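Student: Position one of the sequence shown corresponds to residue 713 (the working numbering), numbered consecutively onward.
Where is the CB? At the ideal position from N, CA and C, for every residue including glycine.
Every value quoted in this text rests on a predicted model; they were computed, and no experiment measured them.
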Amino acid sequence: MTKGEREKSTADLEKVTDHVEEFDSESLRKSVSAVLSFEQGSKKELKGTTVKIAADDVNFLINELHLDKKEAENWLKQQNGDLLQVVKLLINPSKP
Numbered sequence: 713m714t715k716g717e718r719e720k721s722t723a724d725l726e727k728v729t730d731h732v733e734e735f736d737s738e739s740l741r742k743s744v745s746a747v748l749s750f751e752q753g754s755k756k757e758l759k760g761t762t763v764k765i766a767a768d769d770v771n772f773l774i775n776e777l778h779l780d781k782k783e784a785e786n787w788l789k790q791q792n793g794d795l796l797q798v799v800k801l802l803i804n805p806s807k808p
């Protein structure tokens, strides 16, 4: 490999590594914690609770946030059918 080829390879590698996003471990920990606490709380709180949820809201969570139907319904029930609150919690669980 010539010096020019080596420099080009180094430059190409730098371009690739510049695009790697680092994750915030604290934010990830809070997200996982929020999901786990939601799952534990929802099992206790949702029994016997009647909350009307809109099919469009469920479909939004399924299509846009890639939740399965049961997860979407549980999140909406947990937040009394408030889609905006669910989205806020899923995007940034550290700010309820």
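1) What residue from P805, A767 and R718 has the CA that sits closest to K789's CA?
2) How would you write the range of the alpha helix (DSSP H) that Q790 sits in, first residue to last?
3) Assuming contact is defined by CB atoms lying nearer than 7 Å, are V770 and E783 in contact in what I supplied?
4) Please determine, among S743, T762 and N775, the residue with the shortest C-alpha to C-alpha distance to Q791.
5) Below 8 Å on the Cβ atoms is my guess for K764 versus I774; work out the distance and round it to an integer in Å.
6) Does the beta-carbon distance from P655 to S743 come in below 7 Å?
Tutor: Per the coordinate set shown:
1) For the options P805, A767 and R718, the alpha carbon positioned closest to that of K789 is the one of A767.
2) Note, Q790: alpha helix (DSSP H), K781 to Q790.
3) Contact check for V770 against E783 fails: the beta carbons are separated by 7 Å or more.
4) Ranking the options by Cα distance to Q791, first place goes to T762.
5) No, K764 and I774 are not in contact; Cβ-Cβ is about 18 Å, not under 8 Å.
6) Lying before the first or after the last residue shown, residue 655 is absent from the chain, which here runs from 713 to 808.
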